[in-house]
Ligand SMILES: C[S@@+](CC[C@H](N)C(=O)[O-])C[C@H]1O[C@@H](n2cnc3c(N)ncnc32)[C@H](O)[C@@H]1O
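Numbering (UniProt numbering), first residue to last: 1 to 365.
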């Protein structure tokens, strides 16, 4: 065991642990009668260590390496693809950082937009640290999601962020591409795999259910990601936004009167029908309570002063995506209308509402 540990660069304790939990068991015997690793055991150990290095949890790894449909070559191919993806992402970031360093040497000021582009699709690498302070589980929305999950025992949480809405009484595996978000998951939370929705590194039907909360609009290809969820799980539950309805901008005073640029973010966004078709399910409206605990974009619909707070805005990607000019204009204009009483006059009807229909939907399949 000592020799194998040395070659693999892990401790003997780790190998003992893998043995104890049945992940990699030495199945051969030495002439002196000690347990030893066979060629097959070593192959399995290599797969386990490869997935471990990519951030997979031990439960997820056990399912992967026990899958009879995946042979050694298929594992090597998958590991290769995932490592290449990681390498490409790191290379793109190095190039972008080099560019910014060059610009700084030349005294060229980079705009906040340019700085965010450094991280490309990983917007959350840039805004992630503001996230945990304002984004948390809203119990009334959680109740809807958990009810839809039914009696599912194993659950995949895609675009998991810091782990809001993950049921504590089930076996959860999280998927999250942003290293910043993964690093902010609280100690003891579910194991988290570094991967994207569009290419889930799991065999067909490996989970009882897959869930995705407030994340689909960040995926480069939402329909492909939803199909992947459908492929790996027997049940799918998605909390998302219906952008297809005409007048979606009109539903919420913030986008109607202050931030029309929100419409630009919806270009190319799939319709509700496309999304439900991708998972083969149905959509149910989710009304947002006036005192919603999760600080997503619409959460403060009856508490307009909240949008004047920078920390509230920084926890929501919409504000970063519309750019600093639109953000500043919207906030200034809202501040003026709140102090002049114009906001109250225009939105008089809202004060009596306990919950509002703002286009949020639960997709269930
Ligand atoms: C608004 S957060 C939601 C996080 C969490 N589900 C919650 O409800 O708090 C969106 C998350 O989607 C992740 N994300 C972005 N692109 C993704 C992709 N292609 N696949 C899976 N997740 C992605 C982001 O890194 C971010 O953590």
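Each residue gets a CB set at the ideal place from its N, CA and C atoms; glycine is no exception.
According to the DSSP assignment, residue 216 belongs to no alpha helix (DSSP H), since it is labelled neither H nor E.
Distance from the CA atom of residue 41 to the CA atom of residue 13, rounded to whole angstroms, is 17 Å. In the pairwise beta carbon analysis, the segment 339–350 is classified as not touching the segment 259–267: fewer than three pairs are separated by under 8 Å.
At least one heavy atom of ligand 1 lies less than 7 Å from the C-beta of residue 135. Secondary structure within the segment 44–109: the alpha helix (DSSP H) runs of 4 or more consecutive residues, fully enclosed, are 58–66 and 72–105 (chain order). Using a Cβ-Cβ distance cut-off of 8 Å, the segment 204–222 and the segment 151–163 are in contact, since at least three pairs of beta carbons, one from each stretch, lie closer than that value. As the crow flies, the alpha-carbon of residue 132 is around 20 Å from that of residue 211.
Residue 176 has its alpha-carbon roughly 18 Å from the corresponding atom of residue 63. The closest heavy atom of ligand 1 lies 7 Å or more from the beta carbon of residue 320.
Taking all protein chains shown into account, residue 34 has fewer than 16 neighbouring C-beta atoms within 10 Å of its C-beta and is therefore exposed.
When C-alpha distances from residue 356 are compared across 346, 291 and 323, the shortest belongs to 291. At least one heavy atom of ligand 1 lies less than 7 Å from the C-beta of residue 162. Of the residues assessed, residue 242 falls on the buried side of the cut-off, its CB having 16 or more other CB atoms within 10 angstroms. Judged by DSSP secondary structure, residue 179 falls within the alpha helix (DSSP H) whose first and last residues are 179–183. Taking a C-beta distance under 8 Å as the contact criterion, residue 189 and residue 166 qualify as a contact pair. When the beta-carbon positions are compared, residue 55 and residue 194 come within less than 8 Å of each other. DSSP lists 361 as the beta-bridge partner residues of residue 240. The segment 349–363 makes contact with the segment 230–244: 3 or more CB pairs, one atom from each, lie closer than 8 Å. In this structure, residue 55 has its beta carbon at no less than 7 Å from each heavy atom of ligand 1.
Between the segment 43–50 and the segment 64–80, the count of C-beta pairs closer than 8 Å reaches three or more; the two stretches touch. The C-alpha of residue 252 lies about 8 Å from the C-alpha of residue 301.
Close CB contacts of residue 27 within its chain, under the 6 Å cut and outside five residues either way in sequence, are with 38 and 41 (chain order).
With respect to the C-alpha of residue 297, the residue from 214, 231 and 334 having the closest C-alpha is 214. Annotated three-state conformation of residue 288 is strand, per DSSP. Boundaries of the alpha helix (DSSP H) around residue 320: 317–322. Residue 293 and residue 306 have their alpha carbons spaced roughly 12 Å apart.
No heavy atom of ligand 1 is found nearer than 7 Å to the CB of residue 359. When the beta-carbon positions are compared, residue 223 and residue 365 stay at least 8 Å from each other.
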